[in-house]
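Protein chains: 2
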Amino acid sequence: MKAAVVLLSGGLDSATVLAIALSDGWRCHALSIDYGQRHRAELAAATNLARMHAVADHRVVPLDLRLFGGSALTDSAIPVPAAGAPGIPVTYVPARNTIFLSLALAYAEVTGADAIFIGANAVDYSGYPDCRPEYLEAFERMANLGTRRAVQGKPMAILAPIVAMGKGEIIRRGHTLGIDFAHTVSCYDADPDGRACARCDACRIRQQGFRDAGLEDPTRYQAGAA
Amino acid sequence: MKAAVVLLSGGLDSATVLAIALSDGWRCHALSIDYGQRHRAELAAATNLARMHAVADHRVVPLDLRLFGGSALTDSAIPVPAAGAPGIPVTYVPARNTIFLSLALAYAEVTGADAIFIGANAVDYSGYPDCRPEYLEAFERMANLGTRRAVQGKPMAILAPIVAMGKGEIIRRGHTLGIDFAHTVSCYDADPDGRACARCDACRIRQQGFRDAGLEDPTRYQAGAA
């Protein structure tokens, strides 16, 4: 049975990716990063998802990116904006996917995994440069030069099975594979109980996704939000 | 004045790289990673070097790679071997330079730095795949697809000025630029005071380097070691 590391944020996308990896027969090592994100509900959701699905193990790596700041998600002095601002938004976290994939690469090499799954998505997304296929391909190429396993002729695959899907399609796929999206948190500004704000980019894209999927939105919203 | 992030381990190579970056006129943001390495003396040396030279600031990021293990440097159950074993040695830390460069990339993006200096060396080295020029070029290419600044047309350079130098040449260069190598720690198995073991790969390469440079070795060795 081939093994893979799955980056699991606790959001809708990575939950679907975990379900895809499991249904494709991968033994899954789930990896979450406690990077000082604005709310802990996302990590709690990841832990919950890992428990509900048959993962081999789940590690949470503490790495406080607030030390660098530079994002609304890692600096509480920068407010989360309402949806729709042009350009790359202030919720962009510098080099986040590069850091997360690097940690996944270390974990994959230690566990003998042959692939890393990431829920990057380049369709209904917020304009992050580190979600694009060409970036992911470049990471894979770099990874296959910089590891012991690469020198030993064992390549590592960076797999982003939802990179080209619209949000509605992701939701339909996850739903079919048994993901209960009530247990996922997408909101950039959720309250401590994981209830969503309904106004940030992530909430708007998620709401539209459930409409596109023709499924009821199970998200728990803050009082007066939705 | 152009700014750069300099990865500073406390070893001989990165100390020389810092001196090169400073003498080339870069404003330097030093970055060290507290990754659970076997001894703290290396980090103390980095802090000391940062203080002695005119860096803009010095950050130490806690990131405990013992969570993954898989290396003699991050798992105390794996002994540090004597020098000379064939192949990639057990002191190889999975994806270490990829993780370190990723953190440097985040820091560089936040500080507006245009370059990252790393003391990677592909000549008198221990056979680590993540020290080779082709790996470093692949990292640079990936970085220039995955960041906001890349999308804005501002490239990031990964600079490894000693990558093709022999250890003797590195030592001569650092010496010329005013580095006091007594304040650097290379040993994989230094004692709490930073005294070197004289038998690991890193010690042997360093000793030969001072011989090649025609300079006295200022390294402090453990009693009975040298």
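For the record, the sequence lines run as chains A and B.
Be aware that the first sequence starts at 3, since it is given in my numbering, and climbs by one per residue.
Be aware that the second sequence starts at 3, since it is given in my numbering, and climbs by one per residue.
Each residue gets a CB set at the ideal place from its N, CA and C atoms; glycine is no exception.
Subject >> Whether B/Phe119 touches B/Ala48 by CB criterion (8 angstroms) >> reply: On the second sequence, residue 119 of chain B is found 117 positions in, with the first residue counted as 1. On the second sequence, residue 48 of chain B is found 46 positions in, with the first residue counted as 1. Not closer than 8 angstroms, so no.
Original post:
Out of curiosity, what's the CA-to-CA distance linking A/Ile207 and B/Leu10?
Top reply: The residue given as residue 207 of chain A occupies position 205 in the first sequence. The residue given as residue 10 of chain B occupies position 8 in the second sequence. Each residue's alpha carbon lies about 41 angstroms from the other.
**OP:** Look at A/Gly211 and A/Lys156 and say whether their C-beta atoms are less than 8 angstroms apart.
**Re:** Start at 1 with the first residue of the first sequence, and residue 211 of chain A comes out as number 209. Start at 1 with the first residue of the first sequence, and residue 156 of chain A comes out as number 154. Not a contact, by the Cβ cut-off of 8 angstroms.
**OP:** For A/Tyr223, write down the residues that DSSP places opposite it in a beta bridge.
**Re:** The count along the first sequence starts at 1 and reaches residue 223 of chain A at position 221. Bridge partners of A/Tyr223: A/Ala198.
**OP:** For the segment 3 to 15 of chain B, enumerate the residues whose C-beta is nearer than 9 angstroms to any C-beta of chain A, in chain order.
**Re:** Result list empty, no residue passes.
Original post:
Comparing the CB of B/Gly12 with every heavy atom of the ligand ATP, is any distance shorter than 7 angstroms?
Top reply: Absent from the structure shown: the ligand ATP. Ligands present: none.
Original post:
Of all the CB atoms in chain A, is at least one closer than 8 angstroms to the CB of B/Leu24?
Top reply: Residue 24 of chain B sits at position 22 when you count from the first residue of the second sequence. No, B/Leu24 does not count as interfacial toward chain A.
Original post:
What separation, rounded to the nearest whole angstrom, lies between the Cα atoms of B/Gln224 and B/Ala200?
Top reply: Translated into positions along the second sequence, residue 224 of chain B becomes position 222. Translated into positions along the second sequence, residue 200 of chain B becomes position 198. Taking the straight line from one Cα to the other gives about 8 angstroms.
**OP:** Output the distance between the C-alpha atoms of A/Arg61 and A/Asp116, rounded to the nearest integer angstrom.
**Re:** For this step, residue 61 of chain A is matched to residue 59 along the first sequence. For this step, residue 116 of chain A is matched to residue 114 along the first sequence. Each residue's alpha carbon lies about 18 angstroms from the other.
Original post:
Taking B/Ser16 as the reference, which of B/Ala52, B/Leu217, B/Pro81 has the closest Cα?
Top reply: The residue you call residue 16 of chain B lines up with position 14 of the second sequence. That would be B/Ala52, whose Cα lies nearest to the Cα of B/Ser16.
**OP:** Using only alpha-carbon positions, find the residue among A/Gln39, A/Gly89, A/Ala46 that is nearest to A/Gln73.
**Re:** Here residue 73 of chain A corresponds to residue number 71 of the first sequence, with the count starting at 1. It should be noted that the sequence gives Ser, not Gln, for residue 73 of chain A. Ranking A/Gln39, A/Gly89, A/Ala46 by Cα distance to A/Ser73 puts A/Gln39 first.
Original post:
According to DSSP, is A/His60 helix, strand or coil?
Top reply: Counted from its first residue, the first sequence places residue 60 of chain A at position 58. A/His60: strand per DSSP, three-state reduction.
Subject >> Closest by C-alpha distance to B/Arg222, when choosing among B/Asp214, B/Trp28, B/Cys205 >> reply: On the second sequence, position 220 is the one that residue 222 of chain B refers to. The alpha carbon of B/Arg222 has as its nearest neighbour, out of B/Asp214, B/Trp28, B/Cys205, the alpha carbon of B/Cys205.
Original post:
Are B/Gly121 and B/Val187 close, meaning C-beta to C-beta below 8 angstroms?
Top reply: Walking along the second sequence from the start, residue 121 of chain B turns up at place 119. Walking along the second sequence from the start, residue 187 of chain B turns up at place 185. The answer is no: Cβ separation not under 8 angstroms.
Original post:
Is it buried or exposed for A/Gly13, if we count other Cβ within 10 angstroms and need 16 for buried?
Top reply: Taking the first sequence and counting its residues from 1, the one referred to as residue 13 of chain A is at position 11. With 16 or more other Cβ atoms within 10 Å, it is buried.
Original post:
How about A/Leu179 and A/Ala106: do their beta carbons lie closer than 8 angstroms?
Top reply: Sequence index remark: in the first sequence, residue 179 of chain A carries index 177 (1-based). Sequence index remark: in the first sequence, residue 106 of chain A carries index 104 (1-based). One thing to note: A/Leu179 has its Cβ no nearer than 8 angstroms to the Cβ of A/Ala106.
**OP:** Tell me whether the beta-carbon of A/Glu111 lies closer than 8 angstroms to the beta-carbon of A/Arg143.
**Re:** Position 109 of the first sequence holds residue 111 of chain A. Position 141 of the first sequence holds residue 143 of chain A. Not closer than 8 angstroms, so no.
Original post:
Listing by chain order, which chain B residues have their CB less than 7 angstroms from the CB of A/Phe141?
Top reply: By 1-based counting over the first sequence, the position of residue 141 of chain A is 139. Ordered by position in chain B, the residues that pass the 7 angstroms Cβ test against A/Phe141 are Met144.
**OP:** Count the other C-beta atoms from every protein chain shown that fall within 10 angstroms of the C-beta of A/Arg174, then say buried if there are 16 or more, exposed otherwise.
**Re:** Numbered from 1 along the first sequence, position 172 holds the residue referred to as residue 174 of chain A. So A/Arg174 counts as buried.
**OP:** Please list the partners that A/Pro83 has in chain B, where partner means a Cβ-to-Cβ separation under 9 angstroms.
**Re:** One-based indexing of the first sequence puts residue 83 of chain A at position 81. The premise fails here: A/Pro83 is roughly 15 angstroms from chain B at the closest Cβ pair, so nothing lies under 9 angstroms.
Subject >> Reduced DSSP category for A/Ser16 - H, G, I as helix; E, B as strand; rest coil >> reply: Within the first sequence, residue 16 of chain A is the residue found at index 14, counting from 1. DSSP places A/Ser16 in helix when its eight states are reduced to three.
**OP:** Specify the secondary structure class of A/Cys133 as computed by DSSP and reduced to three states.
**Re:** Locating residue 133 of chain A in the first sequence gives position 131, counting from the first residue. DSSP, read as helix, strand or coil, puts A/Cys133 in helix.
**OP:** Check whether the Cβ of B/Tyr37 lies closer than 8 angstroms to any Cβ atom in chain A.
**Re:** Indexing the second sequence from 1 puts residue 37 of chain B at position 35. Using beta-carbon distances, B/Tyr37 does not count as an interface residue toward chain A, since no partner is under 8 angstroms.
Original post:
In or out: A/Asp191 buried (at least 16 other Cβ within 10 Å) or exposed?
Top reply: In the first sequence, the residue the question calls residue 191 of chain A occupies position 189. With 16 or more other Cβ atoms within 10 Å, it is buried.
Original post:
Between the C-alpha atoms of B/Met3 and B/Asn123, what's the straight-line distance to the nearest angstrom?
Top reply: Looking up residue 3 of chain B in the second sequence gives position 1. Looking up residue 123 of chain B in the second sequence gives position 121. Approximately 27 angstroms between the Cα atoms of the pair.
**OP:** Run the CB neighbour count on A/Gly196, radius 10 Å, all protein chains shown included, and call it buried at 16 or more, exposed below.
**Re:** Here the question's residue 196 of chain A lines up with position 194 in the first sequence. Buried.
Original post:
Got a sec? Which residues, its chain only, sit under 6 angstroms from B/Asp59 by beta carbon, not counting five neighbours each side?
Top reply: Counted from its first residue, the second sequence places residue 59 of chain B at position 57. Correct list, in chain order: His31.
Subject >> B/Ala152 (DSSP reduced to helix, strand or coil) >> reply: Along the second sequence, one-based indexing puts residue 152 of chain B at 150. B/Ala152: helix per DSSP, three-state reduction.
Original post:
So which residues on chain B does A/Thr93 lean against when the C-beta distance must stay under 7 angstroms?
Top reply: Taking the first residue of the first sequence as 1, we reach residue 93 of chain A at position 91. Neighbours of A/Thr93 on chain B: none; closest Cβ ~11 angstroms, over 7 angstroms.
**OP:** Find the residues of chain B that neighbour A/Arg29, judging by a C-beta separation of less than 9 angstroms, and give them in chain order.
**Re:** The residue you call residue 29 of chain A lines up with position 27 of the first sequence. Result: empty, since nearest Cβ-Cβ is about 17 angstroms, beyond 9 angstroms.
Original post:
Should A/Pro91 and A/Pro83 be called a contact, given that it needs their Cβ atoms to be closer than 8 angstroms?
Top reply: Indexing the first sequence from 1 puts residue 91 of chain A at position 89. Indexing the first sequence from 1 puts residue 83 of chain A at position 81. Yes, Cβ-Cβ distance for A/Pro91 and A/Pro83 is below 8 angstroms.
**OP:** Using three-state DSSP, classify B/Phe119 as helix, strand or coil.
**Re:** Within the second sequence, residue 119 of chain B is the residue found at index 117, counting from 1. Looking at B/Phe119 - three-state DSSP - the assignment turns out to be strand.
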